[in-house]
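Line order of the protein sequences matches chains A and B. Residues 1 to 295 in our numbering are what the first sequence spells out, letter by letter. Residues 1 to 363 in our numbering are what the second sequence spells out, letter by letter. Glycine included, C-beta positions come from ideal geometry on N, C-alpha and C. Below is one structure, written out as structure tokens; comments come after it.
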Amino acid sequence: MTSTIRQMTTKGTPYFFLLPGLVILGALLSVPLYKVVEYSLYDNVIVERNPTYVGLANYQTLLTDPGYWSAGLNTLLFTVGSVLGHMVVGIGLALLVNADIAPRARTFFRSMLVLPWIFTAVVVALNWQLLLNPFGLINYILQWMGLTTEPLDWLGDPNLAMWSLLLISTWRGYPFIMVSFLSGLQTVPRELYEAAEIDGAGFWSKFWHVTLPQLKPVIYGVALLDLIWTFQLFPLVWLSTGGGPGRATEVLSTLTFRLAFVDFQFSQAATVAVSILIISAAFTLLYLRNEARRL
Amino acid sequence: MSRIEIRNLVKMYGAHQALHGIDISIQPGEFCVLVGPSGCGKSTTLRMVAGLETISGGEVSIGDRVVNGLRPKERGIAMVFQNYALYPSKTVYNNMAFSLQLSRMPKPEIERRVREVAEILELTPLLDRKPGALSGGQRQRVAMGRAIVRDPKVFLFDEPLSNLDAKLRGQMRAEIKRLHQRLENTIIYVTHDQVEAMTLADRIVIMRDGRIEQQGTPDEIFHDPDTVFVAGFMGSPPMNLVDCMVTPDGLKLGDSEITCATPNGLRAGERVICGIRPDDIRPASDMTADMTADTAHSAPITVPINLIEQLGTEKLVHFSAGDHEMIGKTGGRVTMAEGAPHPMSFDMKHAYFFDPKSEKRIR
Chain A
1 MTSTIRQMTT KGTPYFFLLP GLVILGALLS VPLYKVVEYS LYDNVIVERN
51 PTYVGLANYQ TLLTDPGYWS AGLNTLLFTV GSVLGHMVVG IGLALLVNAD
101 IAPRARTFFR SMLVLPWIFT AVVVALNWQL LLNPFGLINY ILQWMGLTTE
151 PLDWLGDPNL AMWSLLLIST WRGYPFIMVS FLSGLQTVPR ELYEAAEIDG
201 AGFWSKFWHV TLPQLKPVIY GVALLDLIWT FQLFPLVWLS TGGGPGRATE
251 VLSTLTFRLA FVDFQFSQAA TVAVSILIIS AAFTLLYLRN EARRL
Chain B
1 MSRIEIRNLV KMYGAHQALH GIDISIQPGE FCVLVGPSGC GKSTTLRMVA
51 GLETISGGEV SIGDRVVNGL RPKERGIAMV FQNYALYPSK TVYNNMAFSL
101 QLSRMPKPEI ERRVREVAEI LELTPLLDRK PGALSGGQRQ RVAMGRAIVR
151 DPKVFLFDEP LSNLDAKLRG QMRAEIKRLH QRLENTIIYV THDQVEAMTL
201 ADRIVIMRDG RIEQQGTPDE IFHDPDTVFV AGFMGSPPMN LVDCMVTPDG
251 LKLGDSEITC ATPNGLRAGE RVICGIRPDD IRPASDMTAD MTADTAHSAP
301 ITVPINLIEQ LGTEKLVHFS AGDHEMIGKT GGRVTMAEGA PHPMSFDMKH
351 AYFFDPKSEK RIR
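Structure follows, in structure tokens:
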């Protein structure tokens, strides 16, 4: 009997120490998650004391709502465009700041190029609103160079707003990719480049045949992570365009916010949030599988 | 086959001078081994010939051309790296074919060349594998195949066997030697392993602190060293180098006197460094046919035996002579007791004498 109690105490000790962590995680993660899923199955939650259980009716409504599909398409465009932008700019700049130049200059450029990462979304959005304003610096430069005659309303024109948003998102998001690729580039053995050089490879051949294959695991992992983050990105979009003009830049995250805190349709908002959760979870599973394979 | 001329080669890293005017002339088809301890500048010299390091001063010519300003691919060289440097994402076939693909050679010709070289190196069954699925020896062969397939004027090898175990290293050494006999290309080979240098080279260049200490054939380097450094560097176990005093009849080594002829010009009372290889010190009872019985060249002295190392076919006999720890040799079947005094014969006709100040040979 005594030995059984001692065994239970010994076995239980690790779980006892895990308990605070499990409680905090449960409270901060599981409860809201459960509540959002629950809300999506009721009608008029929060605004009514006794909401009605409607089963999957909210999902049915959502799937027939053209606004949802339009936001979904915008989310897809924004996510794919942003991730591609981050990748191209990130890898290009990583190659530049990895170049064999004076150490001081290299440190200076590396520090400068990481700057967009340290600004908050509010600062970034406000700055770009000013830059892209019809009377802002970008229009002034374009007119001065003779590329446009009339100032363009970059964030107000439905045909330009998504492109402008992609520009802002690329600027804001490339530093993480650049830093990840830079650390990846530094692990590529120098001999591979030297061997390629002796084999007769130029810059692009070395890039295609040495750099890219060596960075492939980093590219895949970082792209998936960026995809997950960008897919549910809210502050930058909301503060830059507010989902507008009209619904031109409305993405699923801004649609959720609008439904909940502008239209007070919390059940519909929860339903959109669950749809975001399902897609994000799929990306996360892909990411985890990739990480497990790397290990 | 191309001649390589290295004239007054200098390498500066900021204020630090790594190479101090290297001069080497390598004949077409010659196998030249650069050997020396770590940091002596052998790899730097090789990389400057390859075009992977800039040349701070001097000139490198391959064939009739000065190649100082040429890029590596324009120099007509192929290089085998210490860590193989195979492209991990490419198959063995594509690793070997890469340089030919870049030069836009027709596919059938690439295929013919790669398969021919793969056949020579017994790589044919491995052509579809990636480097990660190969053993160290196989990777090394692929690295050599990649170099051979280009049919270069000059092969450069940068410590290619240092990552292999002792047995495989021996096999690959023989393979490289056979390849050289077959292809007859000019080769510069860098190693810190003096056995590799001795077995492979037509010419050995011994380097130390960015300077050439001595160059010559393996026989010249081993049997006719110019300096204390060369004498001590080549040979395993190394040559015994002991500080002695010249006497009217020979040398005083600790308390013992060895009767021997000393070079002309040395006077009694002068100090000298005497070098004698372990093969030339044997127990007095174990004289080999190679050693002379002439007492003028073979003076036995009785010394305490400290340690005996059994190597199989022979034994290394560690003993003390004065303050010096020395090594001699005897047959693997000879019985000797550790700790007991034993008469050892020194074959002094194979001894070398060096000036203690300049460390140069006194002939």
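(message) So that I know if they touch, is there some Cβ in chain B lying closer than 8 Å to that of Asp100/A?
(response) no
(message) Measuring only the C-alpha atoms, how far is Arg247/A from Arg110/A?
(response) 38 Å
(message) Excluding the 5 residues flanking Asp323/B on each side, which residues of the same chain have their C-beta closer than 8 Å to its C-beta?
(response) Gly254
(request) Specify the secondary structure class of Phe119/A as computed by DSSP and reduced to three states. (result) coil
(request) Reducing DSSP to helix, strand and coil, say where Leu25/A ends up. (result) helix
(message) Does the contact criterion of 3 or more C-beta pairs under 8 Å hold for the region 9-19 of chain B versus the region 36-51 of chain B?
(response) yes
(request) Taking all protein chains shown into account, decide if Glu250/A is buried (16 or more other Cβ within 10 angstroms of its Cβ) or exposed. (result) buried
(request) Tell me whether Gln310/B is buried or exposed, calling it buried when 16 or more other Cβ atoms sit within 10 Å of its Cβ. (result) exposed
(message) Do Gly90/A and Ser103/B have their beta-carbon atoms positioned less than 8 Å apart in this structure?
(response) no
(request) Identify the contact partners of Ala78/B in chain A, using a Cβ-Cβ distance below 8 Å as the criterion. (result) Ile198
(request) Would you verify that the beta carbon of Val210/A is, or is not, closer than 8 Å to some beta carbon of chain B? (result) yes
(request) For Asn83/B, return the contacting residues in chain A, with the cut-off set at a CB-CB distance below 8 Å. (result) Pro189 and Glu191
(message) Against chain B, with Cβ distances strictly below 8 Å, would Ala195/A count as a contact?
(response) yes
(request) Report the three-state DSSP secondary structure of Arg282/B (helix, strand or coil). (result) strand
(request) Under 8 Å by Cβ, that's how I've got Asp286/B and Val334/B pegged, so tell me the actual separation to the nearest angstrom. (result) 5 Å
(message) Can you list, in chain order, the residues of its chain with a C-beta nearer than 8 Å to that of Asn185/B? Leave out the 5 residues immediately preceding and following it.
(response) Met1, Gly29, Pro152, Lys153, Val154 and Phe155
(request) Below 6 Å CB to CB, which residues in the same chain sit around Asn44/A once its five sequence neighbours on both sides are set aside? (result) Pro51
(request) Determine the contact status of Leu165/A and Leu152/A, defining contact as a CB-CB distance below 8 Å. (result) no
(message) I want to know whether the region 268-288 of chain A touches the region 13-26 of chain B - three or more CB-CB distances under 8 Å.
(response) no
(request) Taking Leu316/B as part of the beta strand (DSSP E), name the residues at either end of that continuous run. (result) Glu314 to Ala321
(request) In angstroms with no decimal places, state the Cα-to-Cα distance between Ala166/B and Val142/B. (result) 19 Å
(request) Decide yes or no for the touch test of the region 97-116 of chain A against the region 260-274 of chain A: beta carbon pairs closer than 8 Å, at least 3 of them. (result) no
(message) So with CB distances below 9 Å, who are the chain B contacts of Ala201/A?
(response) Lys73, Phe98, Ser99 and Leu102
(message) Rounded to whole angstroms, what is the Cα-Cα separation between Pro225/B and Arg271/B?
(response) 19 Å
(request) Measuring alpha carbon to alpha carbon, tell me which of Gly170/B, Phe233/B and Glu109/B ends up nearest Cys40/B. (result) Phe233/B
(request) Look at the alpha carbon of Ala78/B and the alpha carbon of Val149/B, and state the distance between them as a whole number of angstroms. (result) 9 Å
(request) Determine the DSSP secondary structure at Val45/A, reduced to helix, strand or coil. (result) coil
(message) Let's test the definition: count the other Cβ atoms within 10 Å of the Cβ of Trp128/A and tell me whether it reaches 16, buried, or not, exposed.
(response) buried
(message) Beta-carbon within less than 7 Å of Thr44/B's beta-carbon, same chain only, minus the 5 sequence neighbours each way: which residues are those?
(response) Lys11, Ala18, Leu19 and Glu53
(request) List the residues of chain A whose Cβ lies closer than 7 Å to the Cβ of Ser89/B, in chain order. (result) Pro213
(message) Under 8 Å, Cβ to Cβ, is there at least one residue of chain A near Leu52/B?
(response) yes
(request) Kindly indicate if chain B contains any beta-carbon less than 8 Å away from that of Ser205/A. (result) yes
(request) Using beta-carbon positions only, say whether Asn58/A and Ser40/A come within less than 8 Å of one another. (result) yes
(request) Give the DSSP-derived three-state secondary structure of Phe109/A in the structure shown. (result) helix
(message) Give the list of continuous alpha helix (DSSP H) stretches no shorter than 4 residues that lie fully inside the region 132-185 of chain B.
(response) 136-148 and 166-183
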